[in-house]
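First up is the structure itself, then whatever we jot down about it.
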Amino acid sequence: MEMNIIETINRFPDQSSCIAYLEGLRWQNEPECPYCNSKRSSKRHETYRHQCHGCNRSYSVLVGTIFESTKLPLTQWFLAISLILNAKKGLSARQLSRDLGVNRKTGWYLQMRIRKAMQEGEDVSLFKGIVEIDETYIGGKKANHSKKKRQARRDNKLQITGYQDKQPVIGLLERDGRIRLQVVDKAHGVTIKPIIEKTVSKDATIVTDGFGGYAGLSKIFREHQVLNKDKEQYARGKYHTNTIEGFWTLLKRGIYGQYHKISARYLQSYLDEFTFKYNHRDNRLIFDVLINKIAAVT
Numbered sequence: 001m002e003m004n005i006i007e008t009i010n011r012f013p014d015q016s017s018c019i020a021y022l023e024g025l026r027w028q029n030e031p032e033c034p035y036c037n038s039k040r041s042s043k044r045h046e047t048y049r050h051q052c053h054g055c056n057r058s059y060s061v062l063v064g065t066i067f068e069s070t071k072l073p074l075t076q077w078f079l080a081i082s083l084i085l086n087a088k089k090g091l092s093a094r095q096l097s098r099d100l101g102v103n104r105k106t107g108w109y110l111q112m113r114i115r116k117a118m119q120e121g122e123d124v125s126l127f128k129g130i131v132e133i134d135e136t137y138i139g140g141k142k143a144n145h146s147k148k149k150r151q152a153r154r155d156n157k158l159q160i161t162g163y164q165d166k167q168p169v170i171g172l173l174e175r176d177g178r179i180r181l182q183v184v185d186k187a188h189g190v191t192i193k194p195i196i197e198k199t200v201s202k203d204a205t206i207v208t209d210g211f212g213g214y215a216g217l218s219k220i221f222r223e224h225q226v227l228n229k230d231k232e233q234y235a236r237g238k239y240h241t242n243t244i245e246g247f248w249t250l251l252k253r254g255i256y257g258q259y260h261k262i263s264a265r266y267l268q269s270y271l272d273e274f275t276f277k278y279n280h281r282d283n284r285l286i287f288d289v290l291i292n293k294i295a296a297v298t
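Number 263 in full-length UniProt numbering belongs to position 263 of the sequence shown; there are no gaps in the numbering.
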């Protein structure tokens with residue numbers, strides 16, 4: 001369970017408490033210059049900055065983090081992080097801006113910076129055990145496209161069918177473990193297989209549907225269980241893709257219910273948020289985990 005809003009306010013009532021917390025995480029309360037790595041410094045009077053005796057530059061614990069050069073107090077940043085982490089299906093920029101008392105552009109900026117810190121990276125251990133793999137498509141109905149887009153299709157006589165107007169996303173879910181989501185240009189073997197090989201251990205058991213993009217995985221991994229959903233084969237004992245399909249439902253409810261529409265340019269950052277929250281779903285210290293990631297950025 002995440003730290004709730006009241007806990008956040010009580011724990012970080014002012015700028016000083018936020019700075020002290022970050023300095024403890026990043027420096028273990030022993031300031032280190034981010035420019036020359038010197039630990040010889042002195043605190044500047046009545047500020048949160050330190051004066052380096054090595055390179056003679058001043059710095060604060062915010063240098064190199066998403067908080068650097070911010071004009072907002074850290075109390076609002078910390079509250080924004082808590083609000084986002086507590087929103088299971090996501091939180092729109094408009095709602096966040098109302099909750100924080102800032103304008104919509106500031107709310108959107110905060111979200112995007114926080115999502116950047118949520119990126120899990122690719123240097124984690126490989127997925128093991130049973131790994132469910134499935135693809136989905138994100139995007140609105142053609143009938144709901146803007147007047148400009150609909151007119152462009154008519155002018156160019158474009159006949160878009162099926163999922164051609166949607167953005168494909170590949171999902172890999174380690175049973176009872178982690179998830180990885182990746183936007184791809186097109187859903188086919190050439191784009192999907194390299195992601196799977198980079199994420200999943202060769203000793204794992206892959207479970208997919210009969211989509212052609214997964215053909216040949218049995219030659220790479222220890223076992224590949226294929227479910228023929230055209231023949232209503234949705235499970236074979238413990239082998240199924242119900243977990244990741246349930247996640248897709250949650251993801252789409254969040255996207256269509258909270259954000260309404262997301263451009264392909266920013267879709268991956270939204271997926272990073274859902275990924276981080278899923279991977280740390282059972283960690284009560286998820287707030288501290290995220291702040292630690294932010295403080296570690298250099």
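Virtual Cβ for every residue (Gly too), placed ideally from N, Cα, C.
Residue i and residue j closer than 8 angstroms at C-beta
| i | j | result |
| --- | --- | --- |
| I192 | V200 | no |
| T241 | L181 | no |
| I5 | I294 | no |
| T243 | L172 | no |
| R49 | Y35 | no |
Per-residue burial, residue i [other beta carbons within 10 Å of its own, 16 or more giving buried]
| i | result |
| --- | --- |
| T47 | exposed |
| A235 | exposed |
| L285 | exposed |
| Q111 | buried |
| Q15 | exposed |
| P194 | exposed |
Below-8 angstroms beta-carbon distance, residue i vs any chain C residue
| i | result |
| --- | --- |
| S125 | Here there is only one protein chain, and chain C is not present. |
Strand pairing of residue i, partner residues [DSSP]
| i | result |
| --- | --- |
| C52 | S41 |
Nearest-angstrom Cβ-Cβ length linking residue i and residue j, presumed shorter than 8 angstroms
| i | j | result |
| --- | --- | --- |
| L91 | L79 | Rounded, the Cβ-Cβ distance is 12 angstroms, inconsistent with contact. |
| K89 | L250 | 7 angstroms |
| I138 | K116 | In fact, because the Cβ distance is near 20 angstroms, the residues do not count as touching under 8 angstroms. |
| R175 | G237 | Contact doesn't hold; Cβ gap of about 13 angstroms is too wide. |
| L227 | M118 | Contact doesn't hold; Cβ gap of about 31 angstroms is too wide. |
Rounded straight-line distance, which links the Cα of residue j to that of residue i
| i | j | result |
| --- | --- | --- |
| A85 | V184 | Note that residue 85 corresponds to Leu in the displayed sequence, not to Ala. So the alpha carbons of these two residues sit roughly 26 angstroms apart. |
| C52 | S60 | 10 angstroms |
| T70 | W27 | 20 angstroms |
| R178 | R44 | 44 angstroms |
| I160 | E68 | Because I160 sits at a pLDDT of 45, beneath the cut-off of 50, its placement in the model cannot be relied upon, and the point is left open. |
| D209 | D203 | 19 angstroms |
| D99 | V169 | 31 angstroms |
| P13 | S97 | 19 angstroms |
| N144 | R265 | For N144, the predicted structure reports a pLDDT of 47, less than 50, and the residue's modelled location is therefore unreliable. The matter cannot be settled from this model. |
| K261 | R11 | 35 angstroms |
| N29 | Q268 | 35 angstroms |
| E232 | Y109 | 45 angstroms |
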